[in-house]
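Residue numbers (our numbering): 364 to 605. Where a beta carbon is used, it is the ideal one built from N, C-alpha and C, also for glycine. A short write-up of the structure that comes next.
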């Protein structure tokens, strides 16, 4: 057994032993965790959602509907090869859109599998502030729109007759469903044909219900809702007048 005759030597040895134990107990510094890789973009809904995140003023834009009267703004999504996962075409129109819109602006985006959005082309005039789909919907998350019924006159007139403009549909029930088909919310159109359904951000299907006295009911429409905006889904009912 070793006997320490000098108290100073004993104290130094104890300090060194404690320091050594403390150093051995300390874990080495770990490198920071890498940034998670975004989920691959595999669906059209995911592709348009990425575009809306990049340009929030497009919030509320709906898929192109060739049968819709006066659809000012719309988007189309197509699979891409070599450019990215999807190609998204977006159009914003304004100025007498009941007759086809006098002005328009178009974008073509490539959305890569990792979620990167690249502008392939952009054409058209500068979009006025009040022509953006999300311009009147900032601060309220949900779906809004106007239901109109037409035609009102049996013969289309050129130039268009204001008396023959589509009329508001009053009391139409609008059902909103999620991707599984579950009803998330519903609203009823007012005297001016407008409705609002508040839902959380996400992808939904707007399902107009039949209205007594009107021959045709608009088909269901898919829509992506961005947080802080009310997506616009306008609805065209058919009066049956020919």
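Hey, residue i and residue j: beta-carbon distance below 9 Å or not?
| i | j | result |
| --- | --- | --- |
| residue 561 | residue 544 | no |
| residue 506 | residue 589 | no |
| residue 593 | residue 423 | yes |
| residue 600 | residue 569 | no |
| residue 508 | residue 577 | no |
| residue 495 | residue 427 | no |
Ends of the beta strand (DSSP E) at residue i?
| i | result |
| --- | --- |
| residue 416 | Taken as a continuous stretch (DSSP letters only), residue 416 belongs to no beta strand (DSSP E), being part of the alpha helix (DSSP H) at 407 to 417. |
| residue 547 | 546 to 551 |
| residue 506 | 505 to 513 |
| residue 466 | 466 to 474 |
| residue 454 | 449 to 457 |
| residue 436 | 436 to 442 |
| residue 575 | First-last for residue 575: undefined, no H or E at that position. |
| residue 489 | Element bounds for residue 489: n/a, residue is neither H nor E. |
| residue 518 | Careful: residue 518 lies outside any beta strand (DSSP E) and carries neither H nor E. |
| residue 587 | 584 to 588 |
Does residue i come out as helix, strand or coil in the three-state DSSP assignment?
| i | result |
| --- | --- |
| residue 394 | With a pLDDT of only 33 at residue 394, under 50, the local geometry of the prediction cannot be trusted, and the value read off the model is given with reservation. Residue 394 falls in the coil class under three-state DSSP. |
| residue 421 | helix |
| residue 594 | strand |
| residue 430 | coil |
| residue 462 | helix |
| residue 531 | strand |
| residue 525 | helix |
| residue 493 | helix |
| residue 560 | strand |
| residue 599 | strand |
| residue 565 | strand |
| residue 543 | coil |
| residue 571 | strand |
| residue 537 | strand |
At the level of alpha carbons, what is the spacing between residue i and residue j?
| i | j | result |
| --- | --- | --- |
| residue 433 | residue 546 | 28 Å |
| residue 514 | residue 476 | 43 Å |
| residue 474 | residue 571 | 31 Å |
| residue 407 | residue 449 | 7 Å |
| residue 415 | residue 566 | 12 Å |
Checklist entry - Would you say the segment 551 to 558 touches the segment 529 to 538, given that touching needs at least three Cβ pairs under 8 Å? => result The answer is yes - the segment 529 to 538 touches the segment 551 to 558, with three or more Cβ pairs under 8 Å.
Checklist entry - Just checking, does the segment 477 to 488 make contact with the segment 523 to 530 on the three C-beta pairs under 8 Å criterion? => result At 8 Å Cβ cutoff, the stretches do not touch.
Item to check | Stretch-stretch touch, CB-based, cutoff 8 Å, three pairs: the segment 440 to 455 with the segment 484 to 498 | outcome: At 8 Å Cβ cutoff, the stretches touch.
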